[in-house]
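Residue numbers (our numbering): 9 to 430. First the structure, in the form of structure tokens, and then the observations on it.
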Ligand code: GMT
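Here's what the structure looks like:
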């Protein structure tokens, strides 16, 4: 299959899902074209070599705005036999070597335009790719603006199908805003197939966007070979003393993630026991979070780190993950923590109850209930046995329900059904 995957490049869950899907599809023998404004955050050399993909030629291959799409290309990496075999073993597909190409969407560059016009240039890039590489299917990740761009390319009379995956804020927060409501509705209505990352999000799509159509629920997934506990005391000692608990929050520090609540919970934890916190990521509330850590007199115990594509290195040593979000359609980062053997305390919103089992793999408390989250955190951290049992249960659940072999075939089924026109 020739498939184009259109996604956001920034450090967000939708780009991560799109990248991992692209890698898996290439590993399964498909020809995959990733299209984004920059190389997606987690499409790194390190990730490629983890999967046994040779990457010497990975880089941007700009197309569009009059350039010959072939000109910049040639940056192809082939899936090695080993990695294909790995995916194959999982999904029992015939052995073929796939390839993955990255294409950079360029910005419109003309003095009349005051903005980059990315939805148009993305549609143009997709249209060029379809003609050049006989793309059969475009998979748009995040409705805004990608589903709209893909539909525009399809409506140029090109023979392709558009699958749209809704990730969360494109439906719950940004999509229904007056500035986007009509285009988001149109994109969801007219995609050939639509998937959502939780039942909660599918429900919200019907309710908030007022769109009645079939939506397949396909959860996020995690690679348990990559996200796993690291019990090496020497490695853990880089972050904390043996008697100190390690609490972690990872996000893009947007208001919807409520990172300040995570700090307030941690401030309560350090009143009761020795602990350190890792706050990882960048975003609008980062500076406020740094200031709050000072005000709460916990700054010496909190390390603020930049977002990293190899987040597993930090997660592997955590004792507790905090996700106090206002809205979370699934919570990929919580799943990654669970696979790393880390229990999660989160808010009971969106798709999080579909992921976290109350009292077994973590605790769910009402959004904004800092005291409740603090008590739940202490319940985990003050008993070694409870922390270990919940961590093990979290990892087991991640492996049983959310490993690639369970989730990825669902996307393949959607592609097959869509291409067959069902
Ligand atoms: O809102 C973000 O943090 C980023 C956003 C995205 O689309 O990049 O993440 C959403 O998609 C993830 C992958 O499907 C989900 O796991 C996240 O729960 C979801 N975020 C929200 O709903 C807030």
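Just so it is clear, CB atoms sit at the ideal spot from N, CA and C, and this is done for glycine as well.
| Asked | Found |
| --- | --- |
| Can residue 157 and residue 143 be called in contact, C-beta distance under 8 Å? | no |
| Which residue's Cα is closest to the Cα of residue 338: 238, 203, 147? | 203 |
| Taking the alpha-carbon positions, what's the residue 258 to residue 165 distance? | 43 Å |
| Counting only beta-carbon atoms, is residue 111 nearer than 8 Å to chain C? | Within the model displayed, chain C is absent; a lone protein chain is all it includes. |
| Anyone know if the C-beta pair for residue 390 and residue 54 falls short of 8 Å? | no |
| Would you kindly work out how many angstroms separate the C-alpha atoms of residue 313 and residue 288, rounded to a whole number? | 5 Å |
| Can you have a look at residue 295 and say buried or exposed, based on whether 16 or more other CB atoms are within 10 angstroms of its CB? | exposed |
| Tell me whether the stretch 178-185 and the stretch 25-35 touch, counting them as touching only if at least three CB pairs, one residue from each stretch, are closer than 8 Å. | no |
| Shorter than 7 Å, the distance from the beta carbon of residue 264 to the closest heavy atom of the ligand GMT, or not? | yes |
| Is the beta carbon of residue 217 within less than 7 Å of some heavy atom of the ligand GMT? | no |
| Would you grab the beta carbon distance between residue 149 and residue 14 for me? Rounded to a whole angstrom, and I think it's under 8 Å. | 7 Å |
| Helix, strand or coil: which one does DSSP assign to residue 335? | coil |
| So is residue 113 buried or exposed if we call it buried at 16+ other beta carbons inside 10 Å? | buried |
| Residue 428 to residue 24, Cα distance in whole Å? | 28 Å |
| State the Cα-Cα distance for the pair residue 250 and residue 236, rounded to the nearest angstrom. | 19 Å |
| By Cβ distance below 6 Å, which residues in the same chain neighbour residue 44 in space, the five residues on each side in sequence not counted? | 15, 17 |
| From what residue to what residue does the beta strand (DSSP E) around residue 169 run? | 169-174 |
| Starting from residue 224, follow its DSSP beta bridges and name the residues at the other end. | 203 |
| Measure the alpha-carbon distance for residue 291 versus residue 260 and round it to whole angstroms. | 5 Å |
| Any heavy atom of the ligand GMT within a distance shorter than 7 Å of the CB on residue 139? | no |
| Quick test of your reading: residue 137 and residue 154, contact by CB under 8 Å. State the CB separation rounded to the nearest angstrom. | With a Cβ gap of about 14 Å, residue 137 and residue 154 do not count as contacting. |
| Is it buried or exposed for residue 403, if we count other Cβ within 10 angstroms and need 16 for buried? | buried |
| Does the Cβ of residue 23 lie closer than 7 Å to at least one heavy atom of the ligand GMT? | yes |
| Let me make sure I understand the geometry here. Which of 393, 334, 170 has the alpha-carbon closest to that of residue 145? | 170 |
| Using a Cβ-Cβ cut-off of 6 Å (strictly less than) and excluding sequence neighbours within five positions of residue 208, which residues of its own chain qualify? | 358, 359 |
| So the beta strand (DSSP E) residue 112 belongs to, where does it begin and stop? | 107-112 |
| Which term fits residue 227, buried or exposed, when burial requires 16 or more other beta carbons within 10 angstroms of its beta carbon? | buried |
| Can you name, in chain order, every residue of its own chain whose Cβ lies under 6 Å from the Cβ of residue 27, other than the five neighbours on each side? | 48, 50, 51 |
| Which whole-angstrom value is the C-beta distance of residue 109 and residue 41, which I expect to be below 8 Å? | 5 Å |
| Are the CB atoms of residue 38 and residue 106 within a distance shorter than 8 Å? | yes |
| Tell me which residue opens and which closes the alpha helix (DSSP H) that residue 35 is part of. | 21-35 |
| At a cut-off of 7 Å, would you count residue 431 as near the ligand GMT, judging by its Cβ distance to the nearest heavy atom? | Nothing can be reported for residue 431, as the shown portion of the chain is limited to 9 through 430. |
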